[in-house]
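Below is one structure, written out as structure tokens; the observations come after it.
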Amino acid sequence: MTRTHHEDGRRATSSPRPAGELDPNASEEPDLSSAGEPDPRSDGELEQAAALARDLYGLEGRLAPLPGEKDRNFQVSTAGGERYVLKLHAPGTDPAELALQDAVLAHLAGQAGGPPAPRVVTSLDGRRSAAAPWADGPRTARVLTWLEGRPWTQVEPTARRLRDLGRHVAAVDQALVGFTHPAMRRELVWNLTGAPALAGLAPLLDGELRPLVSEVFDRYRAHVAPRVVALPHQVIHNDANELNILVDDAGAVAALIDFGDVAWNPRICGLAVAGAYAMQGHADPLRAVLPLVSGYDEVSPVRPGELEVLFDLMRTRLAMSVCLSAHQHANDPANAYLLVSRRGVTQVLRRLAGTSPDLAHFRLREAVGFAPNPLARAVRQHFQSGAAQPMPLLEEDVTPEEAATSARYGEEATPPPGRRSDINLGRDLPAGEGVTVRCPLPSLVHSVKTGSGIVVLEHRTGDGLPFWTLYRHLDPGSITHLTPGDEAKPGARLGSTGQAAPPRVQLLTHLLGMGADIPDTAPADEADLWTAVSIDPGLLLGRPGGAARPRRETAGIAARRRRNLSRAMSLAYREPLHIVRGEGAYLFDASGRPWLDLVNNVCHVGHCHPRVVAAGHRQAARLNTNTRYLHESVVEYARRLVELMPDPLRVCFFVNSGSEANDLALRLATAHTGAEDVLVLDHAYHGHLTSQIALSPYKFNRRGGRGRPDTTHVCELPDPYRGRLRAGRDVDLGPRYAGSVADRLAGLVAAGRRPAAFFAESLQGCGGQIVYPDGYLRGAFEHVRRAGGVCVADEVQVGLGRVGRSMWGFELQGVVPDIVTLGKPLGNGHPLAAVVTTPEIARSFETGMEYFNTFGGNPVSAEIGLAVLDVVDEEGLQAHARRRGEQLLGGLRRLQERHRLIGDVRGEGLFLGVELSLDERRPAGAQAGAVKEAVKARGVLVSTDGPDDNVLKIKPPLVLSAADCEMFLDVLGAALGEVEASLEGVAP
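If you want it as structure tokens, here you go:
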């Protein structure tokens, strides 16, 4: 990317700006605008600057000059390896502006986790700036810390880097929200809001450039100026040009530098400035900067009103640049660089000249996840609400069979080799030659292209919003009677079908200034954009739907996910997988590659088990309702679950997820006991509802959590490997760990309170696949019941035969809970969960307030649940889980003998954990992540968890085969060898 005239023109016309944050490599490109000033590289100036650094700041070392227009800038490298920038500001520099810059840098430095920025170094007497004698008069000295990096000009501006740049610009803006300073409202010639003042320079431009620039300024006055006043304002960096962006050795954006142009502006101006610079050097400038805009939005959401003016502000920055360049050149005709350096800007302006501002607006909206055309919704509603009552287009009726043979809206055509793939934006009408086409709605004729057989009609919604219908392939001779501006009533004859092709109709929400030239196909990768401009004509034809769904490649899915799904939802693996189907213990990606799935304890009896799929399909085709009606399926499912439970557990409630099940269990416990306090285990996770986050140290004690609620009491996790009491060293681990529960209960009693419940996963999952020592739950339950609380066993992860030796995990401890919660495995991927409790607790819940769950216990879910129980029973999956678990445990322990990273192997059945540790059982979290990725690279999926994310979790579908187990053991051994070799710095 070439350096543009922006930089030089601004420096010549605005107040002096600091250059101390410039990267050392920037000195390779001389600042030609400062020609004629004294050479800062003279030995005398270096010696004088070194003396100032020493006397004013106590800094001694080697000095090297840095570029600067009016300021003298030097890099100071001390003997200790520290580097600084000594800045000697030009005589007459406004102290208030320097104070503003210092205040901004101090503010950023005080932001926890804020964006990197230079820091101000105070002088020996504690001041941020100091008077410094110089040859041309007294200057103001400042010292800033040095930031490592190289300028943006030295890397390829890829989409990923532009997205990263957007995130950095947004991070700086976000860090400056709320910052104020007396000098922040200073008037800078480069402030975008000052564009009208520069419009008078447009006559200095030659040839085609003058009308281009004049149009930009006219657009600013008419469209931008009335809108920017109401937009969010704040202090912004205001100058993310290519020399003010530092990248690290890997080419990732490291920091924004040079805060000399900070000022109070509409917030969106900072992104507009970055976009104007980033557009240069690209064949399609607007599309090139869409990742920049989406990256900004990921950190600081862009508002709809800001998107309305963003494209115009980018163009305005470019127009201001060429005007200031022309102004400077008029004052300094001998400086040829002023014309050379503006070439990149001029090129961008020319390339953007034919771009519809409305289409640009829609692209920007689509880039951040808004519906591209905000008015399209109202047009759709005009039809969907029945307000529009279109008449038939064709004089002859079209049968559904005939309609089905026509090209579908949104359908993707197979392109010739080497050509892009396009989608259809209209619908073909199955009609032969000479069939009359009629006007469907009250209309005005917008445009007619007789030679092409195209007619465009304009219509209005009830609120006066315009929309259009477009008709192609009409007989040219049949439309000669139509004149733009004529009224066309419903049923009026438009023309007749021609010979060349079947007539095609489009329903348009915007014409984008193209009129009858608007396209009827669009690139497949722009389907989301164009289908908001040319919406489904089925609405007009009375046959909505049937539109083809856009096909998305993996990158497009990831981009759409970033825009419209919360980033609080994580993706597994460094390179996320695009999974399209599953079968048994395997998942298959979009390329057809199989992946052995050792993560999914939801598809309990195997992905897409045909018996479960058939049960759901069969019942969904017959009836789906709720528990307010009698239905055999739900009572049969309840009977079958109770049959699997020990006495006295016999009352069922049905819900949709494990989180809901635990939430209901908490309500049951508080209703039964009248108490509010709950005991939980450290690192426990019981669900994502607010009530369950409050019971989950795994959430409330980690990043983003709000800490322990007053009514939650955390008991010690009985971890025999890394806990306070350890297997092989200590005795009676179970009862002694249960003493932590007794201690918490004693604290409650001392405070005059009592417990409602003790919640425990039967084997802890997120805590690291913990198998409790014998006697733990027995002792804990005894303490809780003695204090008046109830005991809840969370079987959401481990229930229904997964542990092999028993149907339920709590049975391994020889206990019977008061409440059992069930979830993940019950529906084999269908949202089905349950709570099973005693009749006494269930009666306590009958307070007069009805309990109703819209979907809980519906017939489809019940039939799916019954099918899962049948498969577990008839395919012997509990015993199978035990055999495969024993196979894996044996193999993992053999690997443990050969690989020092394996600290512990534990688990029951097909709920296993491999804890990776360094010396003295220190958690090997980074290594566990590396092993997970190395295993994935070999076609096997595992996950990591535990307080330090150092435990490999193995919890596959129960249909895992013996051969699958052996393959995994081989893969894991190879992955461990690879990671261990990297620790030693040798090839595996």
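Final position of the sequence shown in the numbering used here is 1085; the numbers increase by one with none missing.
Where a beta carbon is used, it is the ideal one built from N, C-alpha and C, also for glycine.
Keep in mind that this is a model prediction, so the values were computed, not measured.
Check whether the Cβ atoms of residue 375 and residue 259 sit closer than 7 Å, and answer yes or no. yes
Hey, quick one: how far does the alpha helix (DSSP H) through residue 323 stretch, first residue to last? 322-325
The beta strand (DSSP E) that contains residue 331, what's its start and end? 330-333
Between the C-alpha atoms of residue 120 and residue 162, what's the straight-line distance to the nearest angstrom? Its pLDDT being 32, under 50, residue 120 is placed unreliably in this model, and the value from its coordinates should be taken loosely. So the two alpha carbons sit approximately 12 Å from each other.
Do you know whose CA, among 703, 1062, 424, lies nearest residue 286's CA? 424
Kindly give me the distance between the Cβ atoms of residue 509 and residue 645, rounded to whole angstroms, as I take these residues to be in contact under 8 Å. 7 Å
On the three-state DSSP scale, how would you describe residue 142? helix
Secondary structure at residue 300, three-state DSSP: helix, strand or coil? helix
Is it buried or exposed for residue 608, if we count other Cβ within 10 angstroms and need 16 for buried? buried
Nearest to residue 698 by alpha carbon, out of 684, 909, 1007, 941? 1007
Compute the Euclidean distance between the alpha carbons of residue 415 and residue 540, then round it to the nearest angstrom. 41 Å
Contact belief for residue 1004 with residue 986 at Cβ below 8 Å, rounded distance in angstroms: 7 Å
Alpha carbon of residue 789 to alpha carbon of residue 941, nearest angstrom: 21 Å
Looking only at its own chain, which residues have a Cβ that is under 6 Å from the Cβ of residue 862, when we skip the five neighbours before and after it? 894
What are the start and end residues of the alpha helix (DSSP H) that includes residue 838? 830-847
Counting beta carbon pairs with one atom in the region 596-613 and one in the region 520-536, are three or more of them shorter than 8 Å? yes
Segment limits, beta strand (DSSP E) that includes residue 563: 563-569
Which same chain residues end up closer than 7 Å to residue 299 when comparing Cβ atoms and leaving out the 5 residues on each side of it in sequence? 307, 310, 311, 314, 420
Among all the DSSP beta bridges, which residues are the ones paired with residue 948? Answer is none; residue 948 lacks a bridge partner.
With respect to the beta strand (DSSP E) encompassing residue 1067, which residues constitute its N-terminal and C-terminal limits? Premise fails: residue 1067 lies in the alpha helix (DSSP H), 1059-1081, not in any beta strand (DSSP E).
Own chain residues within Cβ distance below 8 Å of residue 677, not counting five before or after: 685, 686, 687
Are the region 718-730 and the region 916-927 touching, with three or more C-beta to C-beta distances below 8 Å? no
I'd like to check one pair, residue 492 with residue 547: are the Cβ atoms closer than 7 Å? no
What does a CB cutoff of less than 7 Å around residue 587 pick up in its chain, not counting 5 residues either side in sequence? 488, 536, 537, 538, 539
Residue from 562, 427, 648 whose Cα sits closest to the Cα of residue 520: 648
So what does DSSP say about residue 551, is it helix, strand or coil? strand
Once you ignore the five residues that flank residue 755 on each side, which residues in its own chain have a CB closer than 7 Å to its CB? 784, 893, 918, 920, 921, 930
I need the boundaries of the beta strand (DSSP E) containing residue 679, first residue and last residue. 676-680
How many angstroms separate the CA atom of residue 865 from the CA atom of residue 881? 24 Å
I'd like to know whether the C-beta atoms of residue 239 and residue 167 end up nearer to each other than 7 Å. no
Quick check on residue 767: buried or exposed, where buried means 16 or more other Cβ atoms within 10 Å of its Cβ? buried
Applying the criterion that 16 or more other CB atoms from any shown protein chain within 10 Å of the CB defines a buried residue, is residue 431 buried or exposed? exposed
Going by CA-CA distance only, name the one from 1024, 1057, 1058 that's closest to residue 1045. 1024
Is the separation between the beta-carbon of residue 450 and that of residue 544 shorter than 7 Å? no
Near residue 624, which residues of its chain fall below 6 Å by C-beta distance, leaving aside the five closest residues on each side in sequence? 520, 647
Are the Cβ atoms of residue 809 and residue 791 separated by less than 7 Å? yes
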